[in-house]
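Following: one structure in structure tokens, then a few remarks.
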Amino acid sequence: MINFKNISFSIGGVSLFDGTSAFVPTGHKVGIVGRNGVGKTTLFKLILKEITLDGGVIEVPRNYKIGAVAQEAPSNEEKLIDTVLAADIERAKLLTASEIETDPNKIADIHIRLADIDAYSAEARASSILSGLGFSQTDQHSPCSKFSGGWRMRVALASVLFSNPDLLLLDEPTNYLDFEGTAWLENYLQKFKNTVLIISHDRNLLNKSVSGILHLSSKKMQFYTGNYDTFDNERRNQLEQKISQKNKQDAQRAHIQSFVDRFKAKASKARQAQSRIKILEKMKPIVIEEDQKIPKFKFEEVSKFAPPLVTLDQASVGYNQVEVLKNINIQINPDDRVGLLGVNGEGKSTFSKLIAKKINVMKGNLQIPKKLKIGYFAQHQLDELRYDETPYQHLYLKLNKEIPSKIRAKLGSAGFTPETMDLEVRRLSGGQKARLLMLLVVIEKPDLLILDEPTNHLDIESREALIMALNDYKGSLILVSHDAFLVERLVDRLLIIKNGNVSEFSGDIHDYRKLILNNNSKKKKQEPVLKNKNINYSISNFSLTDLKKRLTNSEKKILEYEKERKRLEIEMLKENFYSSNNQKRALEVNVNLKNVLQQIAEEEKNWEKIAENIETSSK
């Protein structure tokens with residue numbers, strides 16, 4: 006259990022936690038949610054003891070191995086697979102010790118422990134995780150320095166997952182994953198057996214992967230059982246009840262105050278008036294605590310164009326004379342809402358840049374009306390913001406020196422406070438920068454809006470505000486996003502970008518997710534497994550004669566496995582078995598023994614099943 010007991014913490018004179026308590030049950034997967042700036046990432050730093058509490062205590066079970074994704078992605082010349090393998094510190098230490106240890110007893114203990122932690126399957130497990138996150142076998146044996154920052158962050162994530170910690174801390178892991186990687190992570194977390202705390206604004210991930218929500222708000226934290234939708238419904242009901250109670254109290258206070266105002270000057274009513282004043286003083290006001298102002302993105306009316314809006318005819322596009330996408334034949338109409346699907350690196354951003362006129366076609370034709378206003382949002386544009394200027398200064402120049410009050414009103418509608426309006430961009434949070442960039446796109450009044458991962462760094466409330474605005478938006482939309490919740494609510498047409506081709510996908514986002522998971526399952530089936538492949542549990546339809554034959558065969562297999570077990574155990578009893586010259590064979594025998602014991606257990610299970618069916622068939 007993770008126990009937060011009366012914790013308090015302030016930074017820069019701003020209080021984030023003020024004597025709040027909560028606990029997370031062992032083995033639970035819990036989403037940490039709350040508006041940007043409430044202290045979610047700070048809470049992780051407090052758990053990791055990177056910073057110190059002002060008061061209270063965070064209790065984590067002794068000897069708990071805590072895993073968190075490193076803030077800096079590996080960029081050295083080490084292979085991806087070796088980087089991930091190194092994350093299991095115990096395994097690495099044991100392997101090193103096995104090479105230098107000379108005491109036979111200690112060597113034996115080392116190899117037994119290596120077998121216990123499945124050291125023999127480490128590379129296969131590491132490879133499986135890397136594969137799920139989008140790395141091919143070739144990639145896995147390439148140096149980390151070969152990959153971009155986003156892909157290296159995946160390596161960092163793979164490393165912490167491979168280490169199999171008792172407590173796993175994930176801070177917005179889907180920000181650097183594509184839809185395929187996100188779907189794999191959802192599935193992985195569902196099967197993960199230890200405790201997980203995950204900061205995420207991805208509603209779909211929180212619905213599929215967690216069993217509890219820790220909500221941070223107004224310097225307090227509160228634990229809710231269930232996924233995000235369950236939490237959201239419960240919190241909304243609580244808020245509605247509180248608002249109802251407040252309205253009743255306000256009406257009661259107004260009634261009492263009215264009596265006091267009318268009769269406090271009359272001697273005959275003075276005592277009654279004083280009595281009611283005391284009632285008002287004792288009446289504790291019900292306060293509806295307001296979170297940070299929810300941003301509102303509002304799109305203006307768009308111009309009308311005859312279809313098609315965009316036409317690509319045998320178009321090819323790429324960089325440095327290398328084609329990334331070839332022979333594109335696609336039309337986009339004025340009312341289309343298009344979602345781009347495909348793993349990172351296949352060309353989704355390249356397609357977006359082509360339509361946004363950021364790059365030119367290499368072959369074929371691209372036809373777009375000259376008067377068409379295109380709004381383009383991409384995460385890399387955050388770096389193009391002027392970091393020494395304020396949000397107010399950005400909008401002032403964009404709006405051709407509009408009236409200051411109007412500029413501040415627009416910033417306020419996007420969730421900026423009077424203080425943050427005049428704060429240098431370098432001091433803004435990732436979410437604030439994203440909202441500023443979105444606002445700069447919105448005020449251009451685009452007819453076609455191209456959004457490339459628009460919700461990274463945005464909290465859930467901001468995401469929902471964006472969804473509401475885009476649903477009211479009358480123009481065309483092209484969306485690149487790993488957020489299934491966003492895609493499901495905004496998109497009515499899906500394009501898959503794969504192997505240099507752009508093609509229509511006939512299903513919806515749920516069909517695409519199933520396709521991804523099925524493909525991953527097929528890959529896993531192709532990998533070698535340790536289980537006895539001859540075991541068949543589908544035996545209920547066999548005849549009694551067949552069942553008896555199978556029972557005899559099963560007994561023979563068990564005898565064979567037992568012979569092999571005894572042989573291996575005898576070999577392990579030899580005097581020099583754990584000597585330094587025999588380390589490789591010692592590890593081999595330990596692995597083989599574990600496999601044999603597993604085969605015996607499974608065959609015995611098979612024998613019992615057959616025996617049950619024989620008994621049933623004989624009645």
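Residue numbers (this note's numbering): 6 to 624.
C-beta: ideal position from N, C-alpha, C; glycine also.
(message) Our contact map puts E55 next to N8 with C-beta atoms below 8 Å; I'd like the distance itself, whole angstroms only.
(response) Position 50 of the sequence shown, counted from the first residue, corresponds to residue 55. Position 3 of the sequence shown, counted from the first residue, corresponds to residue 8. The Cβ separation is near 19 Å, so there is no contact.
(request) Decide if H462 is buried, meaning its Cβ has at least 16 other Cβ atoms within 10 Å, or exposed. (result) For this step, residue 462 is matched to residue 457 along the sequence shown. Classification of H462: buried, given that the 10 Å Cβ count is 16 or more.
(request) Counting only runs of 4+ residues fully inside the stretch 327-387, write out the alpha helix (DSSP H) ranges in chain order. (result) Those alpha helix (DSSP H) runs which fall completely within the stretch 327-387 and span 4+ residues are 353-360.
(request) Check V215 in the structure and name its three-state DSSP category. (result) Mapped onto the sequence shown, residue 215 falls at position 210. Three-state DSSP puts V215 in coil, outside helix and strand.
(request) Determine the direct distance from the alpha carbon of I465 to that of N539, and round the result to whole angstroms. (result) Reading the sequence shown from its first residue, position 534 is the one you call residue 539. Reading the sequence shown from its first residue, position 460 is the one you call residue 465. With a pLDDT of 41 at N539, under the threshold of 50, the modelled position of this residue cannot be trusted, and the question is left open.
(message) From the DSSP secondary-structure annotation, give me the bridge partner or partners of L90.
(response) As a position in the sequence shown, residue 90 is number 85, starting the count at 1. Bridge partners of L90 according to DSSP: none are assigned.
(request) Could you give the DSSP three-state label for D318: helix, strand or coil? (result) Here residue 318 refers to the residue found at position 313 of the sequence shown. Collapsing the DSSP output to three states places D318 in a strand.
(message) Can you list, in chain order, the residues of its chain with a C-beta nearer than 6 Å to that of P533? Leave out the 5 residues immediately preceding and following it.
(response) On the sequence shown, position 528 is the one that residue 533 refers to. Residue confidence is low: P533 scores 41 on pLDDT, short of 50, so the model does not pin down where it sits. Its coordinate-derived value is still stated next. Residues of the same chain with a CB within less than 6 Å of the CB of P533, apart from the 5 flanking positions on each side, do not exist.
(request) Rank E574, I605, V594 and V596 by C-alpha distance to the C-alpha of Y566 and give the top, closest one. (result) As a working mapping, residue 566 is identified with position 561 in the sequence shown. Restricting attention to E574, I605, V594 and V596, the CA atom closest to the CA of Y566 is found in I605.
(message) Excluding the 5 residues flanking A361 on each side, which residues of the same chain have their C-beta closer than 6 Å to its C-beta?
(response) The residue you call residue 361 lines up with position 356 of the sequence shown. Closer than 6 Å at Cβ, skipping near neighbours: I379, Y381 and I455.
(request) Using 10 angstroms around the beta-carbon of S153, count the other beta-carbons present and answer buried if the total reaches 16, otherwise exposed. (result) Along the sequence shown, one-based indexing puts residue 153 at 148. S153 is exposed by the Cβ-count criterion.
(message) Just to confirm, is the Cβ distance from E83 to C149 under 8 Å?
(response) Working through the sequence shown from its first residue, we reach residue 83 at position 78. Working through the sequence shown from its first residue, we reach residue 149 at position 144. It is a contact, given that the beta carbons lie within the stated cut-off.
(request) Using a threshold of 8 Å, state whether the C-beta atoms of L194 and V35 are closer than that. (result) Here the question's residue 194 lines up with position 189 in the sequence shown. Here the question's residue 35 lines up with position 30 in the sequence shown. Their beta carbons are not under 8 Å apart, which means L194 does not touch V35 by this criterion.
(request) Going by DSSP, name the residue or residues bridged to R498. (result) What you label residue 498 is simply residue 493 of the sequence shown in a count that begins at 1. Paired residue(s): V343.
(request) Identify the continuous beta strand (DSSP E) that holds E64 and give its terminal residues. (result) Position 59 of the sequence shown, counting from 1, holds the residue named residue 64. Element bounds for E64: G60 to E64.
(message) Less than 8 Å between the beta carbons of G344 and V496, yes or no?
(response) By 1-based counting over the sequence shown, the position of residue 344 is 339. By 1-based counting over the sequence shown, the position of residue 496 is 491. For G344 and V496, yes; Cβs fall inside 8 Å.
(message) Within a Cβ cutoff of 6 Å, which residues of the same chain sit near R494, ignoring the five residues on either side of it in sequence?
(response) The count along the sequence shown starts at 1 and reaches residue 494 at position 489. Closer than 6 Å at the Cβ level, and outside the excluded window around R494, lie I472.
(request) Report back the beta-carbon spacing between L21 and V43 to the nearest angstrom; my notes put them in contact at under 8 Å. (result) As a position in the sequence shown, residue 21 is number 16, starting the count at 1. As a position in the sequence shown, residue 43 is number 38, starting the count at 1. About 7 Å separates the two Cβ atoms, so the contact holds.
(message) With the cut-off set at 8 Å, would you say S481 and D341 are in Cβ contact?
(response) In the sequence shown, counting from the first residue as 1, residue 481 sits at position 476. In the sequence shown, counting from the first residue as 1, residue 341 sits at position 336. At a Cβ-Cβ threshold of 8 Å, S481 and D341 count as neighbours.
(message) Classify E295: buried if its beta carbon has 16 or more other beta carbons within 10 angstroms, exposed otherwise.
(response) Position 290 of the sequence shown, counted from the first residue, corresponds to residue 295. Reliability of the predicted coordinates at E295 is poor, the pLDDT of 47 falling under 50, and no value is obtained from them.
(message) Given this structure, state the Cα-to-Cα distance separating D488 from F184, to the nearest angstrom.
(response) Taking the sequence shown and counting its residues from 1, one reaches residue 488 at position 483. Taking the sequence shown and counting its residues from 1, one reaches residue 184 at position 179. Within the model, the alpha-carbon separation for D488 versus F184 is close to 7 Å.
(message) Looking only at its chain, what residues have a beta carbon closer than 6 Å to the beta carbon of N180, apart from the 5 residues adjacent to it on each side?
(response) Translated into the one-based positions of the sequence shown, residue 180 becomes position 175. Around N180: N461.
(message) Taking its Cβ as the centre, do 16 or more other Cβ atoms sit within 10 Å of L346, making it buried, or is it exposed?
(response) Locating residue 346 in the sequence shown gives position 341, where the first residue counts as 1. Buried, since its Cβ has 16 or more Cβ neighbours within 10 Å.
(request) Pull up the CB-CB distance for D176 and V74, whole angstroms please, since I reckon it's below 8 Å. (result) In the sequence shown, the residue the question calls residue 176 occupies position 171. In the sequence shown, the residue the question calls residue 74 occupies position 69. Between D176 and V74 a beta carbon distance of about 7 Å is seen, short of the 8 Å cut, so the two are scored as contacting.
(request) Assign D266 to one of two classes, buried (16 or more other C-beta atoms within 10 Å of its C-beta) or exposed (fewer than that). (result) Residue numbering aside, residue 266 sits at position 261 when the sequence shown is read from its first letter. Exposed, since its Cβ has fewer than 16 Cβ neighbours within 10 Å.
(message) For T200 and F310, what's the separation of their Cα atoms in angstroms?
(response) Position 195 of the sequence shown, counting from 1, holds the residue named residue 200. Position 305 of the sequence shown, counting from 1, holds the residue named residue 310. Rounded to whole angstroms, the separation of the alpha carbons of F310 and T200 is 54 Å.
(request) Could you check which residue in G217, V322 and A163 has the C-alpha nearest to that of D93? (result) The residue you call residue 93 lines up with position 88 of the sequence shown. Across the set G217, V322 and A163, the C-alpha of A163 shows the shortest separation from the C-alpha of D93.
(request) Can you check DSSP and say which residues form a bridge with H220? (result) In the sequence shown, the residue the question calls residue 220 occupies position 215. V38 and Q227, per the DSSP bridge assignment.
(request) Flag this pair as yes or no: are the beta carbons of L173 and G32 separated by less than 8 Å? (result) Along the sequence shown, read from residue 1 onward, the residue named residue 173 stands at position 168. Along the sequence shown, read from residue 1 onward, the residue named residue 32 stands at position 27. In this structure, L173 keeps its C-beta atom at 8 Å or more from the C-beta atom of G32.
(message) Short of 6 Å in beta carbon distance, which residues of its chain neighbour E478, apart from the five on each side in sequence? Order them along the chain.
(response) Along the sequence shown, read from residue 1 onward, the residue named residue 478 stands at position 473. Sequence inspection shows Tyr at residue 478; the Glu mentioned does not correspond to that position. Excluding residues within five positions, the ones whose Cβ falls inside 6 Å are F304.
(request) Locate the beta strand (DSSP E) running through F9, then write down its first and last residues. (result) Here the question's residue 9 lines up with position 4 in the sequence shown. I7 to I16 is the extent of the beta strand (DSSP E) around F9.
(message) Our contact map puts V601 next to Y125 with C-beta atoms below 8 Å; I'd like the distance itself, whole angstroms only.
(response) The count along the sequence shown starts at 1 and reaches residue 601 at position 596. The count along the sequence shown starts at 1 and reaches residue 125 at position 120. V601 to Y125, Cβ: 13 Å. No contact.
(message) With a threshold of 6 Å on Cβ separation, who are the neighbours of N41 within its own chain once the five nearest residues in sequence on each side are excluded?
(response) Translated into the one-based positions of the sequence shown, residue 41 becomes position 36. Within its own chain, the residues whose Cβ lies closer than 6 Å to the Cβ of N41, once the five positions on either side in sequence are excluded, are S434, G436 and D464, listed in chain order.
(request) Sort out for me which residues DSSP pairs T425 with in a bridge. (result) If you number the sequence shown from 1, residue 425 lands on position 420. For T425, no pairing in a beta bridge is given by DSSP.
(message) For a quick check, are the C-beta atoms of Y392 and R440 less than 8 Å apart?
(response) Within the sequence shown, the letter at position 387 stands for residue 392. Within the sequence shown, the letter at position 435 stands for residue 440. Contact check for Y392 against R440 fails: the beta carbons are separated by 8 Å or more.
(request) Can you tell me the Cβ-Cβ gap for L202 and Y233, rounded? I've got them flagged as a contact below 8 Å. (result) By 1-based counting over the sequence shown, the position of residue 202 is 197. By 1-based counting over the sequence shown, the position of residue 233 is 228. Wrong, their Cβ atoms sit about 14 Å apart, outside the cutoff.
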